[in-house]
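Following: one structure in structure tokens, then a few remarks.
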Amino acid sequence: MVISAGLVTVVGLLSDEGSAPALLMTFTIQMIAVVAAIAVLIGVLNLAAVHLGRFAHAEHGWPYSVVMLFVMVAVIVLSILDRAEIWSGELEGEQISLRAFEAVQVSLESALAALLAFFLVFAAYRLMRRRVTVWSLVFSVTLIVVLVGWIPFEELDVLADVRDWLVRVPVSAGMRGLLIGVGLGTVMVGIRVLLGQDRSYKS
Amino acid sequence: MSDQPNFPNDDRPPAPWEQYAGQEPPESAGPDAAPPWEQFAAGDAPPSGAQQTPDWASPPESAPELPAPSSAPMPPSDEIPRGLTGDLPWMDYDQAGQPGQPSEMDDFLFNFENDEVPAPQEPVPPPAPGGGVIRRLKRDDQPTPPAPPPEPPADEEWMRAFGETAEYDQVHLSDSGADDLDWLRAEAGLGEPQASAPDEEQPPWLADDALGDLPLLGADQPGEEALPDWLNVEPEDTGQPAPSAPEDEALPDWLLQADEPPAPEPPAPGGVIRRLRPRDEEPPASMDFETWAAQAEPEETGSLSYEEWEQQQADLEREEQKTDADRMLEEVPDWFRQLDQAPEEQPPAEAPAAPGGAEFIPDWYLGLEEQNVEEAPDWFQNLDLSQRSITGPLEEPAAETPAGPEPPAQEDLPDWLKGIPGAEADADWAAAFGAPPATETPAEVDLSGLGWGAETGEAAWDASLDALPDEELMLPDTGLLASLEAPGEEEPAAPGEVPDWLQAAAPEQPMIARPEDIPFPDLDLDQEPLEEAGTDLEVPGELAWMAGYAATDIPVPTPPAEEEPEDFVERFEPLEPEDFAQPAIPAPLDEDAPAWLREMAADVGTSPDLDVKDLFGQEPGDVEPVPASEEREPSYVASEEELDWLTGLSSEDLIINPEPPAPAVPEPEPEAPHAAPAEDEFSFDSAAIDDLLGLYTPPEIAPEPEPEMPPAEAAPPAAEQEVEDMSGWFEEITGVPMEPEGAPPGEGVPSQPADFEDLEQAFAAGRAAEADEAPLVQSTDQPEWLGEMRPSGLPVNVRAGGAETSVPQKQVIELPERVQAFHHLVESELIPPLAPPPAPASGPLAGIAGALPLIELAVLPEAIAPTQGPVITPEQQRRADRLQALLGLTEVEEDEAIVVEDAAFGVLATDEEAAEPVEVAKRPRRRVRFKADRLFVTLLLLVGLIVPFATDAVHFADEPPALSGDQRAVAETINELQPGDYVLFAFEYGPTSAGELDALTEAVLRDVLVRGAIPLALSTNPAGALHARGVIEPLTGAERLLNVRAQGESSLVFGEDYYVLGYLPGDAIGVRMLRNSYQDEDGVPQLHPAFNSDLYGDETDLVINIIEDDVALIAVIGGESESVRTWAEQLNGLDVPKIALVTAALEPLAIPYVEAEAYAGYLAGYRDAASYNASRNANTREPYTVPDGIEFDVPNPETARWHSGALGAAIAAGLIALGMVINLFRGLVRRGRR
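Top line first, the protein sequences correspond to chains A and B. Every position in the first sequence, counted from 1, becomes a number in the working numbering once 26 is added. Every position in the second sequence, counted from 1, becomes a number in the working numbering once 112 is added.
Put into structure tokens, the structure is as follows:
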């Protein structure tokens, strides 16, 4: 079934738009999108079931499960309330659920992402603590040049140019190579799936 | 015929068998007639009348048949006319008080029996004074009065079969003197004696294939063309017990078969020659074996009877052949009875056998060839000696051994042989006797000792004939003389009697057609002279049991040149070769003699039929009597010295039950092919040996007593007794050699064919007589059942990996000392002392001896003493310390992480979790080392990021740079937007990237909204869809934005001025679906499903059928490379401008996709956002005003953020550079220290 779906997709992509294979491919993709949407719902339900189980059996870390279940229920309730537009007063017309998301989720994740800057800086600071090598020197110098080149200093326009060159030439070249490799890997995976050699869906 | 004048020593008293010299073969001798010896066995009176010469032997014209057909082996020397032996030169030697040498004829015959071809591979020593068969044969050429053969008693059937009776009588040489040469010529086919030779004149053993099955006469042997015709007799049906009579009328019947090609049987390897050399003497048929053995005392030949003379010969043999091969006498190897099963396995011997090679035939077997076939056991009658040597694996004959003999010393040659032209290899001896030219040379014939190299030529031959006595010239066998034509070859032709069982041994052996093709019998000319052989032969005590046999006709085998590793002979390694050099005369049993031997002697002494003193020279009372019921029990109290000699013997080797009533041989399987015969007296039978040696497979693991214990064995001991026996045995094996427990006297004797039944019966009778009166003597050295289960002498079959091999065992004492020490140590470890536990003092079992003690099941942890732990050397400890020191820093870091984790967990940990028992002791936490550098970096970076928000004093960075390049392309693309255009914003980022991308998205959205375009928020990330509205919502009420739009709006309306469509499932597939167009059946475009509903599920009024036509711009806001790549790839080639808004980290990824069909441009990070705002949204952004209530100057957050980023980047770069410098310096310092 997977192979046939893949073949249909491949044939539909190679066919003219509006043709039968293309329509069949479109139908297949739609079905897949629906299945994916249902999968998200199933995933949410499964998540809730798992944490309910942990809470019921008082397994290790069950308090976290309680928090998760509480938040999930709260978001769902808030969403329902938002949909019901029960808020009045200053909250009239507000989407409390979106505020909660922005206030909690976005703030937390942004804060965690901000910590990354500190770790990266400290790691670079201790890079040559263990061992001093040429490549570690190159890495450190490059990092310094990019950082300083990012800073809009008129006196350091050379560094900005160097940074732009580094980003566009060597870094972009490396990234292109990675993308080519990714593309080849994707092709191979597709072929393997079509040939039935890759059956990761069974796991 | 006058024989006395022909003898050199006429004054010698005639031997007892000389009366048979003139014996005439029975008239009834024919193809179907029984051989004479059988007639004797049947009680027929032997041809009496001394000095009577048979018609076929005495006159030359009668072509007396030499008792040696072509392919048949030469008869033993004792088959040579006895009437001639009285005054032969070797008899002179015997008269001197020295035992005679075994004749070459005997050697040949014995080799024939063993299916081996004599191979003169070694320089042949001069013929022994008394062993020269040629002399006697020469004498037969002259008129020699036949000596009267002894009268064979009627009760010795099998002994008569040894050639002491009829065959000798019939084979004895003619006494016609020199005229006998005529019949030799006639035998060659030239004279009328051939036709005149009646069938009845031919000895029965020559009549047909009696000797034709002799495999020793290989046709491919060199020099076979020079052999006489009579040696080329082809064997025929060997199943006939009696030899068939010749059929040809022109020639003697026994010569007619000489025309047939010789037997293709390749000659057996050589080393058997000396070993298998028969003796000149055999036990006389007229006397008991015991008596004869006892009388085997060297005497003067002239006064000796034939038996005595044979005894002397045997003594010489033993003296000469000092070898350990006699150890084989104690048992019959497995291969012995398998000869008829795999005859092809025996490698053919291409070259003559080398004397002194492998020797496998025990002495006791010698002489059996003359037994009556009917008396032989079945297995032996069915032996196929033509295909395989009965001696088992033999060595290949040495190729380098010269085929031709070396000329012996002239003084060793008989007078009549001196000057014989046969010394030359190419001498035509057949022509000399009128025989046709040889067409095929049989197997090698060792005539080296005949002195062929002395002189050659007919003149010399004639001269030698003239010099020969009449008796020797009376040899009526032209074949024998013809065989002399093949110098250097051995002729196995036997002078007469060939037992039927030997005939059966080679049923298909082709016969040698021509006499000259017949190899000359092995005359054993390489034997040592009598002077060298010595006379004081002694039989070791353990071999005394066969002293009687040895005294008769048992040739003492020579020491084997090289034994096979797995040969069973090796089991007798403890026996020294000199042990076999003991005289055949039974010597008094000393202390070294095995107990069983002495017991046997005692049995014999008590036997009514046997006299042990006659046999062994020892009184019966010297040994411990053994009851019949304890035959398998240790029947003697043996000392350790006595047991030493048994170390090489397995207990099973000695397990032979001589008990008359009960078969002593254990029968492993009822259906065993070698089951013991029905007769009771078969303790020496082959079946017993087979069961003991051949079929028995020693158990690999000490099993229980096998059920096939001999019935006569004592009752199995009780369990306690077994335990004691086991313990005692184990103790015994530690220091005392294993005693062949359960092996009664005689069990160590190798199995004998049924031919020795009389002797066995005698032994058995002796045992039976003592059974009642002899006390039970049981040795505690080893339980008999254990000895049987674990025969130490037998190889052990070891199986491993599917392969199986046989490994010979060795006794403990045979092992090296260090191995013995190890053996003792292992046994001491494996065998704990069996001390009975003390009786418990309390409990229900108090006072009961042997009760199991109580075991403390509850063991306190404290009571557990630390077991033997690993022994750590100081060096290992130092290494461990180093490793621990190296891991110190890492452990500190891990400890820090553990502290944080524990702290976090402690907040949420419940009482139950806290109450959980700590099974594993917590690792002691180390003090968290303060890392100043980490704190310094963190604080410095944090200050650099925060301070710009507090004051503008640190706003040292310039304004954001203007858009350029790909950034400008984004602005230009947005500039293309028209009011009302749909701009699809793909919010492919989550809250994690929101801090960086929100600003960028806002900048672009602001620009889009200003231009009147309608942003459509869509995301394949659920969080992105939710976050989209959070990004757009702040702009909906921006006054400057709304003012710039100039549309009179108070705020932007969701679902009108902007759309948040929600989640697009399917990732790449969902993105791919955006390319699809939807129409109804009438062709009317339909709303695209992706734009059909908003984030809340409400339907939208978007009229978007095809993205390519209805969407003006696609802005992909990607916080991950996958999303950026997916949109670029799935919508590649779509005629819709696309821009990418990515983080600074993804800028290198976006660059490759900036192309015509992908992204028109990109904006990366906050820097581009600031640049874009500065360039494009300056008029739409609200001016900064200090919030109310704050009295100090607070920088513009927008500006402060820009400078914060710049300062933070600067601080980060400075920290990294600092760290680099510091670490580089430290590295240099460390390097300098090193």
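We put the CB at the ideal spot given by N, CA and C, even for glycine. Remember, it's a predicted structure, so these values are computed and weren't measured experimentally.
### Own chain, CB closer than 6 Å to residue 457 of chain B, minus 5 neighbours either side, in chain order
Counting from 1 along the second sequence, the entry for residue 457 of chain B is found at position 345. Low confidence applies to residue 457 of chain B: its pLDDT is 44, below 50, so where it sits in the model is not reliable, and the reading given next is rough at best. Short of 6 Å from the beta carbon of residue 457 of chain B, and not among the five residues preceding or following it, lies no beta carbon of its own chain.
#### Entry: Reduced DSSP category for residue 114 of chain A - H, G, I as helix; E, B as strand; rest coil
Looking up residue 114 of chain A in the first sequence gives position 88. Of the three classes helix, strand and coil, the one that applies to residue 114 of chain A here is coil, per DSSP.
### Task
Assess, as a yes-or-no matter, whether the stretch 1154 to 1172 of chain B is touched by the stretch 1190 to 1202 of chain B under the definition of 3 or more beta carbon pairs within less than 8 Å.
no
#### Entry: chain B contact for residue 201 of chain A (CB, 8 Å cutoff)
Here residue 201 of chain A refers to the residue found at position 175 when the first sequence is read from its first residue. Cβ-Cβ to chain B under 8 Å: yes for residue 201 of chain A.
### Query
Which of helix, strand or coil does DSSP assign to residue 1131 of chain B?
Numbered from 1 along the second sequence, position 1019 holds the residue referred to as residue 1131 of chain B. Note: residue 1131 of chain B maps to strand in three-state DSSP.
### Message
Since residue 1307 of chain B and residue 1134 of chain B should fall inside the 8 Å C-beta cutoff, what is the C-beta to C-beta distance between them, to a whole number of angstroms?
### Response
Looking up residue 1307 of chain B in the second sequence gives position 1195. Looking up residue 1134 of chain B in the second sequence gives position 1022. In fact, because the Cβ distance is near 37 Å, the residues do not count as touching under 8 Å.
### Query
Along chain B, in chain order, which residues have C-beta atoms closer than 8 Å to that of residue 205 of chain A?
To locate residue 205 of chain A, count along the first sequence from 1; it is residue 179. 1237, 1261, 1264, listed in chain order.
### Message
If you reduce the DSSP assignment to three classes, tell me which class residue 1191 of chain B lands in.
### Response
Counting from one through the second sequence, the residue named residue 1191 of chain B turns up at place 1079. Of the three classes helix, strand and coil, the one that applies to residue 1191 of chain B here is strand, per DSSP.
### Query
Going by DSSP, which residues form a beta bridge with residue 1094 of chain B?
Reading the second sequence from its first residue, position 982 is the one you call residue 1094 of chain B. In the DSSP output, where bridge partners are listed per residue, residue 1094 of chain B has B/1126, B/1223.
### Task
Determine the direct distance from the alpha carbon of residue 1183 of chain B to that of residue 146 of chain A, and round the result to whole angstroms.
In the first sequence, the residue the question calls residue 146 of chain A occupies position 120. In the second sequence, the residue the question calls residue 1183 of chain B occupies position 1071. Near 34 Å, if we compare the C-alpha coordinates of residue 1183 of chain B and residue 146 of chain A.
### DSSP-derived helix/strand/coil call for residue 911 of chain B
Here the question's residue 911 of chain B lines up with position 799 in the second sequence. It is a strand residue.
### Task
Under 8 Å by Cβ, that's how I've got residue 1251 of chain B and residue 1066 of chain B pegged, so tell me the actual separation to the nearest angstrom.
Residue mapping note: residue 1251 of chain B aligns to position 1139 of the second sequence, counting from 1. Residue mapping note: residue 1066 of chain B aligns to position 954 of the second sequence, counting from 1. In fact, because the Cβ distance is near 33 Å, the residues do not count as touching under 8 Å.
### Task
Check residue 1151 of chain B in the structure and name its three-state DSSP category.
Position 1039 of the second sequence, counted from the first residue, corresponds to residue 1151 of chain B. Three-state DSSP puts residue 1151 of chain B in a helix.
### Task
Pull up the distance between the alpha-carbon of residue 1332 of chain B and that of residue 88 of chain A, whole angstroms please.
Position 1220 of the second sequence holds residue 1332 of chain B. Position 62 of the first sequence holds residue 88 of chain A. Between residue 1332 of chain B and residue 88 of chain A, the C-alpha separation is close to 45 Å.
### Message
Give me the chain A residues within the contact set of residue 1287 of chain B, using Cβ-Cβ distance strictly less than 7 Å, ordered along the chain.
### Response
Walking along the second sequence from the start, residue 1287 of chain B turns up at place 1175. Neighbours of residue 1287 of chain B on chain A: none; closest Cβ ~13 Å, over 7 Å.
### Query
Does any C-beta atom of chain A lie closer than 8 Å to the C-beta of residue 1307 of chain B?
Indexing the second sequence from 1 puts residue 1307 of chain B at position 1195. Not an interface residue.
### Task
Decide yes or no for the touch test of the stretch 1093 to 1107 of chain B against the stretch 87 to 101 of chain A: beta carbon pairs closer than 8 Å, at least 3 of them.
no
### Query
Hey, how far is the Cα of residue 127 of chain A from the Cα of residue 1194 of chain B?
As a first step, residue 127 of chain A is located in the first sequence; it is residue number 101 there, counting from the start. As a first step, residue 1194 of chain B is located in the second sequence; it is residue number 1082 there, counting from the start. Going from the Cα of residue 127 of chain A to the Cα of residue 1194 of chain B covers about 44 Å.
### Task
Please look up how many angstroms separate the CB atoms of residue 1317 of chain B and residue 1080 of chain B, rounded, as I've assumed it's under 8 Å.
For this step, residue 1317 of chain B is matched to residue 1205 along the second sequence. For this step, residue 1080 of chain B is matched to residue 968 along the second sequence. At roughly 21 Å, the Cβ-Cβ gap does not stay under 8 Å, so residue 1317 of chain B and residue 1080 of chain B are not in contact.
### Task
Say whether the stretch 1123 to 1130 of chain B touches the stretch 117 to 125 of chain A, bearing in mind that this needs 3 or more beta-carbon pairs closer than 8 Å, one atom from each stretch.
no
### Query
Got a sec: is the Cβ-Cβ distance from residue 1139 of chain B to anything in chain A below 8 Å?
Within the second sequence, the letter at position 1027 stands for residue 1139 of chain B. Chain A, which has a Cβ nearer than 8 Å to the Cβ of residue 1139 of chain B, makes this yes.
### Query
What are the start and end residues of the alpha helix (DSSP H) that includes residue 126 of chain A?
For the purposes of this step, residue 126 of chain A is taken as residue 100 along the first sequence, with counting starting at 1. Element bounds for residue 126 of chain A: 122 to 126.
### Task
Report the option in B/1346, B/924, B/1168, B/1130 whose CA atom is closest to the CA atom of residue 1179 of chain B.
On the second sequence, position 1067 is the one that residue 1179 of chain B refers to. Closest by alpha carbon: B/1130.
### Task
Assign residue 114 of chain A to one of two classes, buried (16 or more other C-beta atoms within 10 Å of its C-beta) or exposed (fewer than that).
Counting from one through the first sequence, the residue named residue 114 of chain A turns up at place 88. Counting Cβ neighbours within 10 Å, residue 114 of chain A comes out exposed, since fewer than 16 surround it.
### Query
How big is the Cα-Cα spacing for residue 197 of chain A and residue 203 of chain A?
Residue mapping note: residue 197 of chain A aligns to position 171 of the first sequence, counting from 1. Residue mapping note: residue 203 of chain A aligns to position 177 of the first sequence, counting from 1. The alpha-carbon atoms of residue 197 of chain A and residue 203 of chain A are separated by roughly 10 Å.
### Task
Anything in the stretch 1040 to 1051 of chain B with a Cβ closer than 8 Å to a Cβ of chain A? List those residues in chain order, please.
1045, 1046, 1049, 1050
### Query
At a cut of 8 Å, does the stretch 164 to 175 of chain A reach the stretch 1318 to 1331 of chain B through at least three beta carbon pairs?
The way I'd put it, the stretch 164 to 175 of chain A does touch the stretch 1318 to 1331 of chain B; three or more beta-carbon pairs between them come closer than 8 Å.
### Query
Per DSSP, what kind of secondary structure is residue 1284 of chain B in: helix, strand or coil?
The residue given as residue 1284 of chain B occupies position 1172 in the second sequence. It is helical.
### Query
Can you round the beta-carbon distance between residue 102 of chain A and residue 222 of chain A to whole angstroms, since I take them to be within the 8 Å contact cut?
Counted from its first residue, the first sequence places residue 102 of chain A at position 76. Counted from its first residue, the first sequence places residue 222 of chain A at position 196. That pair is no contact at about 41 Å.
### Message
So residue 1119 of chain B and residue 1144 of chain B are supposed to be a Cβ contact under 8 Å. How far apart are they, rounded?
### Response
For the purposes of this step, residue 1119 of chain B is taken as the residue at position 1007 of the second sequence. For the purposes of this step, residue 1144 of chain B is taken as the residue at position 1032 of the second sequence. So it is not a contact: roughly 13 Å between Cβ atoms.
### Message
Within 8 Å of any Cβ in chain A, is that where the Cβ of residue 1188 of chain B sits?
### Response
Numbered from 1 along the second sequence, position 1076 holds the residue referred to as residue 1188 of chain B. Yes, because at least one Cβ of chain A sits closer than 8 Å to the Cβ of residue 1188 of chain B.
### Query
In angstroms, rounded to a whole number, what distance separates the CA positions of residue 116 of chain A and residue 1152 of chain B?
For this step, residue 116 of chain A is matched to residue 90 along the first sequence. For this step, residue 1152 of chain B is matched to residue 1040 along the second sequence. Cα to Cα, residue 116 of chain A sits roughly 23 Å from residue 1152 of chain B.
### Query
Taking the alpha-carbon positions, what's the residue 211 of chain A to residue 224 of chain A distance?
The sequence position of residue 211 of chain A within the first sequence is 185, counting from 1. The sequence position of residue 224 of chain A within the first sequence is 198, counting from 1. Cα to Cα, the separation comes out at about 13 Å.
#### Entry: Listed by chain order, chain A residues near residue 1184 of chain B by CB distance under 7 Å
Position 1072 of the second sequence, counting from 1, holds the residue named residue 1184 of chain B. Per Cβ cutoff of 7 Å: 55.
#### Entry: CB contact below 8 Å: residue 1071 of chain B versus chain A
Here residue 1071 of chain B refers to the residue found at position 959 when the second sequence is read from its first residue. Interface residue, yes.
### Query
What did DSSP end up calling residue 46 of chain A once you bin it into helix, strand or coil?
Position 20 of the first sequence, counted from the start, is the residue given in the question as residue 46 of chain A. In the structure shown, residue 46 of chain A sits in a helix (DSSP, three-state: H, G or I).
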